[in-house]
Every structure is written in structure tokens, then in C-alpha cells.
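One structure is given below, encoded as C-alpha cells.
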Amino acid sequence: MLYVGTFGNGLYKSIDNGVTWTTQANGLPDSSISDVVVDPDNLDSVLVASESGVFRSIDGGESWTETTSGLGISARTLVFDPSMAGRVYLGTRQKGAYRSLDGGQTWEVLNDGLGLFDVNHLGFSPSGGDLYAATNSG
């Protein structure tokens, strides 16, 4: 399974190693996708970061549900924690970082000492023990 998020043309999915692509827009409100991650423990569970927040699919991208409703965020980047099933980190525009312990269904703020600025990329060290954040300041 391959997914491609675009700025302006939404999300695409290929089930034949990129030979053909289909649009995956059922439930996604905007066309600007900044990140796509697949749960390594459940390949049907997919998270998308967009200007409107985080959206989750539990059916391989066929339908989507917003999981950040009420947080008022623009999502930038997502990463699954390789050392703990279901733990996901989220970087946002001007709202810092969040963490989910349930595969992206609910989120908690992680900004103690980080500040409320853009988190443009998140990644784990090769050993999987350290989380790194690329920000626009600091």
C-alpha cells in the first residue's frame, strides 16, 4: 500500500506499487495534506495531517474521521513511536506538539518547555529511544 499526500490535490492511494492511483477523499475536508503515516501494528489504520487537523482511517483510507476536533490546530507532521504500540506524536503550526496514546483517537498537549510555535517535523533516533523535533525557532 502506498499513500501520497499533496498540497492542493488531496490524498492518493495505490494498491499496485504505484502503477495506478485513486483519490482518498471520503471525509477529508481539505486538499492540503502535509503528512501521512500508517500504524506499523495495524496497516488499515492511517493518519493524515492537514491544515484542518488530524484525520484517521481504520479501513485503509476508504473513510476518514477528524480526531483533533476542538483543538483548533493546523497539523504539520506525525510519527508513530517505534517502541510503544499506539503512541503517536503530532507537530502543529503555532500550537507546539501533542501526543496520543490510543493510535491517534485522542490527543494531549506536550508543550511544557517547548513553547507554542511551529513543529515542522518529528522523528525518532535510530535506536527508537529519542524523539526529535524540527521547529521554526529555538
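Reminder that position 137 of the sequence shown reads as 219 in my numbering, one-by-one numbering, no gaps.
By construction, the Cβ of each residue, glycine as well, lies at the ideal position given by its N, Cα and C atoms.
Values in this document were obtained by computation on a predicted structure and should not be read as measured data.
Put simply, the backbone Cα of Leu125 is about 7 Å away from that of Gly142. Fewer than three pairs of CB atoms, one per stretch, sit closer than 8 Å, so the segment 102 to 112 makes no contact with the segment 153 to 162.
Non-local beta-carbon contacts of Gln176 in its own chain, meaning distances under 7 Å to residues more than five positions away in sequence, involve Leu198, Phe199 and Asp200 in chain order.
Judged by DSSP secondary structure, Arg181 falls within the beta strand (DSSP E) whose first and last residues are Ala179 to Ser182.
A direct Cα-to-Cα measurement between Pro111 and Ser134 gives close to 7 Å. By the neighbour-count criterion, in which a residue is buried when 16 or more other Cβ atoms sit within 10 angstroms of its Cβ, Gly173 is buried. Just so you know, the alpha carbons of Leu192 and Phe89 end up roughly 27 Å apart.
Counting along the chain, the unbroken beta strand (DSSP E) around Ile115 starts and ends at Ile115 to Val120.
The beta strand (DSSP E) runs lying completely inside the segment 94 to 151 and spanning 3 residues or more are 115 to 120, 128 to 132 and 135 to 139, given in chain order. Our two residues, Gly100 and Tyr85, have alpha carbons roughly 9 Å apart in a direct line.
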